[in-house]
Every structure is written in C-alpha cells, then in structure tokens.
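Q: Here it is: the structure, laid out below.
Number of protein chains: 4
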Amino acid sequence: MPRLRQRLRTPLRTESFSDAVFAISATLLVLDLGVPRDHYLTRILADWPGFVAYLAAFLTIASIWLHHHTLFSRVRLIDVGLVVANLGLLLGVALLPWPTALLAASLRDGDRDDQVVAVAAYGIVSLVVAGSWAVLSGRLSHRPDLLQSTTDELWMRSNFRTVLGTTLPVLAAVPLAIVAPVGPLGLFLAVQIFFLVISARPTEPDTDRA
Amino acid sequence: MPRLRQRLRTPLRTESFSDAVFAISATLLVLDLGVPRDHYLTRILADWPGFVAYLAAFLTIASIWLHHHTLFSRVRLIDVGLVVANLGLLLGVALLPWPTALLAASLRDGDRDDQVVAVAAYGIVSLVVAGSWAVLSGRLSHRPDLLQSTTDELWMRSNFRTVLGTTLPVLAAVPLAIVAPVGPLGLFLAVQIFFLVISARPTEPDTDRA
Amino acid sequence: MPRLRQRLRTPLRTESFSDAVFAISATLLVLDLGVPRDHYLTRILADWPGFVAYLAAFLTIASIWLHHHTLFSRVRLIDVGLVVANLGLLLGVALLPWPTALLAASLRDGDRDDQVVAVAAYGIVSLVVAGSWAVLSGRLSHRPDLLQSTTDELWMRSNFRTVLGTTLPVLAAVPLAIVAPVGPLGLFLAVQIFFLVISARPTEPDTDRA
Amino acid sequence: MPRLRQRLRTPLRTESFSDAVFAISATLLVLDLGVPRDHYLTRILADWPGFVAYLAAFLTIASIWLHHHTLFSRVRLIDVGLVVANLGLLLGVALLPWPTALLAASLRDGDRDDQVVAVAAYGIVSLVVAGSWAVLSGRLSHRPDLLQSTTDELWMRSNFRTVLGTTLPVLAAVPLAIVAPVGPLGLFLAVQIFFLVISARPTEPDTDRA
Numbered sequence: 001m002p003r004l005r006q007r008l009r010t011p012l013r014t015e016s017f018s019d020a021v022f023a024i025s026a027t028l029l030v031l032d033l034g035v036p037r038d039h040y041l042t043r044i045l046a047d048w049p050g051f052v053a054y055l056a057a058f059l060t061i062a063s064i065w066l067h068h069h070t071l072f073s074r075v076r077l078i079d080v081g082l083v084v085a086n087l088g089l090l091l092g093v094a095l096l097p098w099p100t101a102l103l104a105a106s107l108r109d110g111d112r113d114d115q116v117v118a119v120a121a122y123g124i125v126s127l128v129v130a131g132s133w134a135v136l137s138g139r140l141s142h143r144p145d146l147l148q149s150t151t152d153e154l155w156m157r158s159n160f161r162t163v164l165g166t167t168l169p170v171l172a173a174v175p176l177a178i179v180a181p182v183g184p185l186g187l188f189l190a191v192q193i194f195f196l197v198i199s200a201r202p203t204e205p206d207t208d209r210a
Numbered sequence: 211m212p213r214l215r216q217r218l219r220t221p222l223r224t225e226s227f228s229d230a231v232f233a234i235s236a237t238l239l240v241l242d243l244g245v246p247r248d249h250y251l252t253r254i255l256a257d258w259p260g261f262v263a264y265l266a267a268f269l270t271i272a273s274i275w276l277h278h279h280t281l282f283s284r285v286r287l288i289d290v291g292l293v294v295a296n297l298g299l300l301l302g303v304a305l306l307p308w309p310t311a312l313l314a315a316s317l318r319d320g321d322r323d324d325q326v327v328a329v330a331a332y333g334i335v336s337l338v339v340a341g342s343w344a345v346l347s348g349r350l351s352h353r354p355d356l357l358q359s360t361t362d363e364l365w366m367r368s369n370f371r372t373v374l375g376t377t378l379p380v381l382a383a384v385p386l387a388i389v390a391p392v393g394p395l396g397l398f399l400a401v402q403i404f405f406l407v408i409s410a411r412p413t414e415p416d417t418d419r420a
Numbered sequence: 421m422p423r424l425r426q427r428l429r430t431p432l433r434t435e436s437f438s439d440a441v442f443a444i445s446a447t448l449l450v451l452d453l454g455v456p457r458d459h460y461l462t463r464i465l466a467d468w469p470g471f472v473a474y475l476a477a478f479l480t481i482a483s484i485w486l487h488h489h490t491l492f493s494r495v496r497l498i499d500v501g502l503v504v505a506n507l508g509l510l511l512g513v514a515l516l517p518w519p520t521a522l523l524a525a526s527l528r529d530g531d532r533d534d535q536v537v538a539v540a541a542y543g544i545v546s547l548v549v550a551g552s553w554a555v556l557s558g559r560l561s562h563r564p565d566l567l568q569s570t571t572d573e574l575w576m577r578s579n580f581r582t583v584l585g586t587t588l589p590v591l592a593a594v595p596l597a598i599v600a601p602v603g604p605l606g607l608f609l610a611v612q613i614f615f616l617v618i619s620a621r622p623t624e625p626d627t628d629r630a
Numbered sequence: 631m632p633r634l635r636q637r638l639r640t641p642l643r644t645e646s647f648s649d650a651v652f653a654i655s656a657t658l659l660v661l662d663l664g665v666p667r668d669h670y671l672t673r674i675l676a677d678w679p680g681f682v683a684y685l686a687a688f689l690t691i692a693s694i695w696l697h698h699h700t701l702f703s704r705v706r707l708i709d710v711g712l713v714v715a716n717l718g719l720l721l722g723v724a725l726l727p728w729p730t731a732l733l734a735a736s737l738r739d740g741d742r743d744d745q746v747v748a749v750a751a752y753g754i755v756s757l758v759v760a761g762s763w764a765v766l767s768g769r770l771s772h773r774p775d776l777l778q779s780t781t782d783e784l785w786m787r788s789n790f791r792t793v794l795g796t797t798l799p800v801l802a803a804v805p806l807a808i809v810a811p812v813g814p815l816g817l818f819l820a821v822q823i824f825f826l827v828i829s830a831r832p833t834e835p836d837t838d839r840a
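Which chain is which? The protein sequence lines are A, B, C and D, in order.
In terms of my numbering, the first sequence opens at residue 1 and continues consecutively.
In terms of my numbering, the second sequence opens at residue 211 and continues consecutively.
In terms of my numbering, the third sequence opens at residue 421 and continues consecutively.
In terms of my numbering, the fourth sequence opens at residue 631 and continues consecutively.
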C-alpha cells in the first residue's frame, strides 16, 4: 500500500505542462507558412496544400487539447504509468509540425512516392498519439480508484473504443495516398471535425460534471 | 437538463491555454526581424515597415489578451460551443505572425499587387479573430446562466457591438491598400490603440469587479 | 469610486501571461546558436561572442523574471495603467532576442559602425524594459491601496531608484562601443550579475513575506 | 531571522516558469527535423541520427520535468539560492536543443573530430543541468525547514547521490566518442530510460505522498 500511495499524485502539474506543449506545438505550425518572393497571389494560391495541412494540424492539436481537458476532468489521481503514457502523447503532439510540413511540401513539389512517405510519416505520428491515448483511457477504465466517480469508468471504456476507432482512417490513409495523394489530407481534416463533433455530444447523461 | 449540465465547465483551463497561445504568438513575431549582413544602420532603417508591422502585431495580440482577460472575468461557466469559438479565436491569433511577415515583406520588396494581397491576408486573419469574438460575446449576451452577474449580459451586448464596429476599418483596409499601401498599416496600429483605450474605459459603472 | 473599482483586478493572470512571455523569449534565444558546417571546434570557438551574448540575454530575462516575481508578490490589485506598463515590459522582453542576435553577429562579422548600431539597438530595447519597469514601481510607490502592506510602498520607492540606476550603464554602453566594441557585452553581463546579487539582498528586514 | 524569512517563498511561480521552459525547449526540438527536397524515404532514413537525437533530447527534458515535479512536491519554501540554482538548470534545458542539433549534424555529415566536439558540447550542457540539480538537492538535504516533512531530507540525500551517479556516463561519453561516435548517443538514450525507471521506483516506502 505505501508503494501504491507513493506513486499517486494529483494531475494538476501534468495538465498545465501538457497545455503548454499543446499551445507551443499549435503555434509553431505558423513557421511553415513561408513568405513568397513575388507574385504573392499566385504563389499563395499554389501553396493551398500548406494551408489545408496547417488547418488540419491546428484542428488536430485543438481537438487533442479539448479531449485531454475532458478526460483529465474525470481523473482524481495519476500514477507514474499514466504520466509516462501522457509523455508519449506529448511526444506525438510535439512531433506533429514535422509530418505536417512534410505533407504540405510533398503535395506542392514531391512526386507520388514522396507523398506516400509523407502520409505514412503523418500516420506514424498519429499512431503514437492514438496509442498513448489508448494506454491512458484503457488503464483508467480499470482503475476506478483513480477516477472522480464510478460512472467515469464507463466513460473511459467508451473513450478507449473511440480512440481505437480513429486509428482505422489513419491505417486507411496510406493505401489511399497511393491512389489519390490529396485524399489523406481530406481524411485527416474529416477525422478532426468528427472528433470535435464527438466531444460536443454528451455520452452518458448521468455522469454530468460542472 | 443533464445534457445541458454535462456541457458546462469552468473556464480555468481554457483561459490558461489561451494565454499560452497569445504569449507564444506574440513572442514568435521577433523571428521575422532579421539580422542584416552589413551596413546595419542603413538596412535597419530601410526595414522600418518590418518594425511597424511587428509593433502592430504585438499590440494586436496584447490587446486581444487584455480583452480576453476582461471578458472571461465575467464568465462563470462555458459550454462546448464557447470552447470551439475560442479555438477559432486562437487559430486567428496563432496565424497572425504570417500576414504580419507578409505585410512587412510586401512594403519592403513587393509591388502594389503584392501589398494589396498582404493587406487582404491580414484582413482575413483579423476577421477570423473578430468573427470568433463576435460568437463569444454574442452567445454570452443571451446566456445569463453562464455569466457571473446579470449586468454582465449588458456588457456582453456592448462588447458584441464594439467587435462588429472594429470590422469596419478591416473592411476599409483593402480598398485603402490600392490607393496608399502604407495606409492599412497605420490603420491597424490605430485600431489597436483605440482598442487599448476602450479597455481602459469603464462601460457600466455598476458592474464593477475587483 | 465605481470607475476606480472597475479598473482593479488581481494580478494572477497578468503574472502567468508574463511568465509565459519570459519563458518563451529566454528559450527562443537558442535558435541563434547555429550549427557549423565543418571544423566544429574552430568555428564554435570563433563564435564566442554568440555564446556570451546568449548568456547575457538569458541572464537578463532570468533576472527580469526574478524581480517581476518579487515585485508582484507585493501587489494586491492592479489597474489598467499597470497592465499596459507591464505589456510595455513584455514588448521589450519579447524583442530582446533580436538585438542579442544583432550584437553577436556584429562582433563576429561586422565593422565598428555595425557594432555601435547593435549596442545602440540592445540599449534601446533595454530602455523600453527599464522605462516600463520605472512606470510599474513608480506608480505603485504612490498607490498603497494596490499593495499588500504599507511597508511595500518603501520597497517600491527603493526599487524605482534601483531601476533608474541601471539605465546609467545602458547609456554608457553606446560611447563605450565606439572605443571598445566588446566592452558593452561585458557591461551588460556585469549589470545582470549585479541585478541578481541585488535580488538576493533583503532591502527592508521588516517587510518579510513567506 | 527576519533576513532569513524575507528570502523564503512558496515554489509555485518557480514551478510554473520551469514547466514553461521545459515545454518550449522540448517542442522547439522539432525545428531541427528538416523537410527533404526529394527522395523523401532515402533522405529520412539517412537522417536516422537526427531522429535518435530528437528522441534522446525529448526524453531528457521529459525526464527532467518528471523529476523536477517529484523534487518540488517535497519542497515547502524556497530561498533565492534555490531559485538561482533552478535558473542554472533552466539555462541547461533551454540550451539543450543546440548540442542536440550539433550531435545529429555531426553523425550525418561531420568527421570524427566534429563528432567528439558535438558529444563534448552535449556533455557540457548535461553537466550544467546535473550541477544545478546537485546544488538543488544537496542544499535541500541540509535544510529540513524548507521541506514538507522530515523524511524528505533522506529523499534529497538519495537524490543527490543519484544525480552524481548520472554524471559518470556523461564523463564516459567523450572518450567513447573517440572510439565509436554513435556510442554516446546510445548512452544518452540509455541514461534517460534508466532515469525514467528510477522515477517509477519508490525509494523510501515511508515517505509516501498523495
């Protein structure tokens, strides 16, 4: 028991550290939007993949922040395992500007092979995020002692299934990239819009929390 | 009712996440101020649009932070709709370093067409900010249950009108850019100074808050 | 009185926003330390002004953070005037990476004229910081109603004089740069070390605070 | 005694400032992962040292954050000496992206001499971190009045020995770099994994804290 207790803490500082990483990663994305040398309108319009990739990545991080907020509002205590899973999630979020830049560049200048590689890189980073998230909600769904109320266990189980469901479009993105390179970009945007809609939908009416 | 309650939360973590995005965006602007290779004085003086654009963008973000602080000090609870509108606001703020760099570069090296495009880009990002803000204060002016006190409803309504009023100079900036390219830069600076003055002016004496 | 009360707030969100700007500005400085193409040891040793400038700028921001922390621990309420003076301080801190890069580059590649310009730029940004700080402590030394205890008034008055004193080496740096370009860099470092020593020295033993 | 008390404060703002520096430094690392011009797969695979260095640096900062969190959860009050030691730690963390980029570049393009210099630079920055940390836990192990409970003194003493132990692989990295340049990179990764395991292990069962 002392062993167990030593490993428990309140999630306060973990939440604020995560928020800082989310905010910086979302704001650093702007550094990829370059300033053209001349013919601004033509060049900006030609760089539309850069703007769609920016939007997809910003919405991804915004959506992760929103769900992180919702998940942690149900958590009373965390142990080291959850902190490490959360650090895996932050690794994925901090990395995200890189495959975003890769995807935008490949749609602008790259050939089909480069585009498949860029989509695969985006997918791998997405799987790091989804995998870490699955560890968070999966572990919490078996640890009612770490949660605010007993009904939060059901929420965690439902959240675990949702996260596994979101890996399917990521896995579908690589073969789609071979057929239609712009396809995965649309898919990534669609997943984020779906995710934002999910977060607005109350899953269990009786687990309300102010 | 349970459905409604589930969607309400305190704005604490939304405020701290927003503050981080504001702080990072305002601080990243410095990366656009390049170091000249030689003839420092001549080149720095020649790059005066870069410094005016830096100042306008910094004051814009500082002013948004100040008003965000004031608005949220009147909010007791937020729902998902407000969180999503706030994410739209953060998208605009995080994007701002890009049209700022564009505007500075176009006044230094670009032709008249490029300057109009840069002003239009700055205007579009400003409208994303103003539009999200109008959703925030517009929605809150009809939701006294989310506010700290009943008089805050009047404040939100007045704030909603102020935000709509600030879109007028943004809309005037594009035609002004065709006539005088430096005009919009002065206009954007003037709007921020006006905005900072507004924030210092107490609107309703009876809604005081320490 | 309602007018006055409406303009007062607790400094909490101002402190956390300032901390974020200090942290980002101090961390962005690292982007100026480039990676050489070859002959690492020779090139890194040749770029010693870059490392000294980095250290001076980091210590400057660390020292400002430390004093900001100390000053605000004595403040109970702030008005819009203090918030705007604090935004001026943040403008200076956010700008600091630019004259730092300028100073390092001028000592590496620039001629005497460029070095004087770089020192002057560093000095102007330092004066923006010092001027904003003088407004903060000067205003607070006449507003006991905004302070935690009555003895804090004396502290603010003493702090105001200290800040005015630190502008002297800044004003001396420009003529010094004409004689010896490396001089101001040593002076800026010395001022920060003096400032860190000052902060460790208790000024009024009876104004203790846990 | 008044002199002593004046120099004591709660570590709250120090913790949040440190968290911001950790988060920014960890997120800035992504800027070193460049976007190739063509042949994405070949070039990304050829840049494997960049990715391993990224991972080692991210895990280093994540591990420092985790231990910082654990150490400060045992601290009740801090004095200026501890704040200055903590600023030394932050200097090391904020610098870390530079030797990381140096190490990655030297393994990609540099000769043996460059690799030894890069490993030495990484080692010096690591020693700045370890040295500041040793001052923190060393000083706290003799100041029970600054700690939450008396058993925390034992924890600080044990932590002090652990930190001294971690300097050994850093000192071993430079001679190892002369023999096998990739060796230190593996060593730095191994140290972080060891450090994360250490943090999960409860050192004294009776010093539990919720």
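Yeah, the Cβ is synthetic: ideal placement off N, Cα and C, and Gly gets one too.
Taking the C-alpha atoms as reference points, what is the distance between residue 820 (chain D) and residue 814 (chain D)?
A: Distance between the alpha carbons of residue 820 (chain D) and residue 814 (chain D) is about 9 Å.
Q: Could you work out which residues of chain C lie near residue 405 (chain B), taking near to mean beta carbons separated by less than 8 Å?
A: The premise fails here: residue 405 (chain B) is roughly 12 Å from chain C at the closest Cβ pair, so nothing lies under 8 Å.
Q: Provide the residue(s) that pair with residue 639 (chain D) in DSSP beta bridges, ordered along the chain.
A: Note: residue 639 (chain D) sits in a beta bridge opposite D:708.
Q: Which residues in chain C have a C-beta closer than 7 Å to the C-beta of residue 731 (chain D)? List them in chain order.
A: What residue 731 (chain D) touches in chain C: 455.
Q: Hey, how far is the Cα of residue 458 (chain C) from the Cα of residue 740 (chain D)?
A: Spanning the two alpha carbons is a distance of roughly 6 Å.
Q: Can you name the residues that DSSP bridges to residue 777 (chain D)?
A: Beta-bridge pairing links residue 777 (chain D) to D:705.
Q: To be precise: take each residue of the region 513-537 of chain C, compare its Cβ to all Cβ atoms of chain B, and keep it if any distance is under 9 Å. Which residues remain?
A: Those would be 513, 514, 515, 516, 517, 518, 521, 522, 524, 525, 526, 529, 530, 531, 533, 534, 535, 536 and 537, in chain order.
Q: Does any C-beta atom of chain B lie closer than 8 Å to the C-beta of residue 19 (chain A)?
A: Yes, residue 19 (chain A) counts as interfacial toward chain B.
Q: Short of 7 Å in beta carbon distance, which residues of its chain neighbour residue 641 (chain D), apart from the five on each side in sequence? Order them along the chain.
A: Around residue 641 (chain D): 702, 705 and 708.
Q: With a threshold of 7 Å on Cβ separation, who are the neighbours of residue 742 (chain D) within its own chain once the five nearest residues in sequence on each side are excluded?
A: Once the five neighbours on either side are set aside, the close Cβ partners of residue 742 (chain D) are 811.
Q: Taking residue 173 (chain B) as the reference, which of B:242, B:263, B:234 and B:257 has the closest Cα?
A: Lying outside 211 to 420, the shown extent of chain B, residue 173 (chain B) is not represented and no answer is given.
Q: How long is the line joining the alpha carbons of residue 647 (chain D) and residue 490 (chain C), rounded to whole angstroms?
A: When rounded, the distance between both Cα atoms is 14 Å.
Q: Quick one: does residue 223 (chain B) have its CB under 8 Å from some CB of chain A?
A: So yes, residue 223 (chain B) belongs to the interface.
Q: Given a threshold of 16 other Cβ atoms within 10 Å of its Cβ, counted over all protein chains shown, does residue 565 (chain C) qualify as buried or as exposed?
A: So residue 565 (chain C) counts as exposed.
Q: Measuring alpha carbon to alpha carbon, tell me which of D:674, D:714 and D:694 ends up nearest residue 482 (chain C).
A: Comparing Cα positions, the closest option is D:714.
Q: Show which residues of chain B have a CB atom less than 8 Å away from the CB atom of residue 436 (chain C).
A: Ordered by position in chain B, the residues that pass the 8 Å Cβ test against residue 436 (chain C) are 226 and 229.
Q: Report the neighbours of residue 658 (chain D) on chain C: residues whose CB is nearer than 8 Å to its CB, in chain order.
A: Within chain C, the residues near residue 658 (chain D) are 447, 448, 450 and 451.
Q: Which one of B:219, B:367 and B:335 has the shortest CA to CA distance from residue 383 (chain B)?
A: Out of B:219, B:367 and B:335, B:335 has the C-alpha closest to the C-alpha of residue 383 (chain B).
Q: Spatial neighbours of residue 313 (chain B) within its chain, please: CB distance less than 6 Å, with the 5 preceding and 5 following residues excluded, ordered by chain position.
A: Contacts found: 263, 328 and 332.
Q: Taking residue 315 (chain B) as the reference, which of B:357, B:258 and B:252 has the closest Cα?
A: The residue with the shortest Cα to Cα distance from residue 315 (chain B) is B:258.
Q: Throw me the rounded Cβ distance for the residue 725 (chain D) and residue 450 (chain C) pair, which I believe falls under 8 Å.
A: Between residue 450 (chain C) and residue 725 (chain D) the Cβ distance is about 6 Å, and since that is below 8 Å, they are a contact.
Q: Among the candidates B:369, B:357, B:330 and B:339, whose CA atom is the shortest distance from the CA of residue 347 (chain B)?
A: Nearest C-alpha to residue 347 (chain B): B:369.
Q: Looking at C-alpha atoms only, which residue of B:343, B:267, B:338 and B:326 is the closest neighbour of residue 372 (chain B)?
A: Taking only the C-alpha atoms, the option nearest residue 372 (chain B) is B:343.
Q: Going by the beta-carbon positions, is the gap between residue 21 (chain A) and residue 90 (chain A) smaller than 8 Å?
A: Contact: yes.
Q: Along the region 275-305 of chain B, what residues have a CB closer than 8 Å to any CB found in chain A?
A: For the region 275-305 of chain B, which is checked against every Cβ of chain A, the residues closer than 8 Å are 287, 290, 291, 293, 294, 297, 300, 301, 304 and 305.
Q: In or out: residue 676 (chain D) buried (at least 16 other Cβ within 10 Å) or exposed?
A: So residue 676 (chain D) ends up on the exposed side.
Q: With a threshold of 8 Å between beta-carbons, can residue 353 (chain B) be considered close to chain A, or not?
A: Judged by the 8 Å Cβ criterion, residue 353 (chain B) is not in contact with chain A.
Q: For residue 662 (chain D) versus residue 727 (chain D), is the C-beta spacing smaller than 8 Å?
A: In this structure, residue 727 (chain D) lies closer than 8 Å to residue 662 (chain D) by Cβ.
Q: Please identify the residue among B:359, B:324 and B:297 whose C-alpha is closest to the C-alpha of residue 309 (chain B).
A: It is B:324 whose Cα lies nearest to the Cα of residue 309 (chain B).
Q: Could you have a look at residue 459 (chain C) and say whether DSSP puts it in helix, strand or coil?
A: Coil.
Q: Label residue 655 (chain D) either buried or exposed according to how many other C-beta atoms from any shown protein chain fall within 10 Å of its C-beta, with 16 as the threshold for buried.
A: Per the 10 Å Cβ criterion, buried.
Q: Within the 8 Å Cβ cut-off, does residue 9 (chain A) reach chain B?
A: Residue 9 (chain A) does not count as touching chain B.
Q: Would you give the residue range spanned by the alpha helix (DSSP H) that residue 181 (chain A) belongs to?
A: Run containing residue 181 (chain A): none; DSSP gives neither H nor E here.
Q: Would residue 311 (chain B) and residue 398 (chain B) qualify as a contact pair, given that the criterion is a beta-carbon distance under 8 Å?
A: Contact: no.
Q: Consult DSSP for residue 25 (chain A) and reduce its assignment to one of helix, strand or coil.
A: Helix.
Q: Starting from the Cα of residue 800 (chain D), find the closest Cα among D:782, D:697, D:759 and D:778 and give me that residue.
A: For the residues D:782, D:697, D:759 and D:778, the minimum Cα distance to residue 800 (chain D) belongs to D:759.
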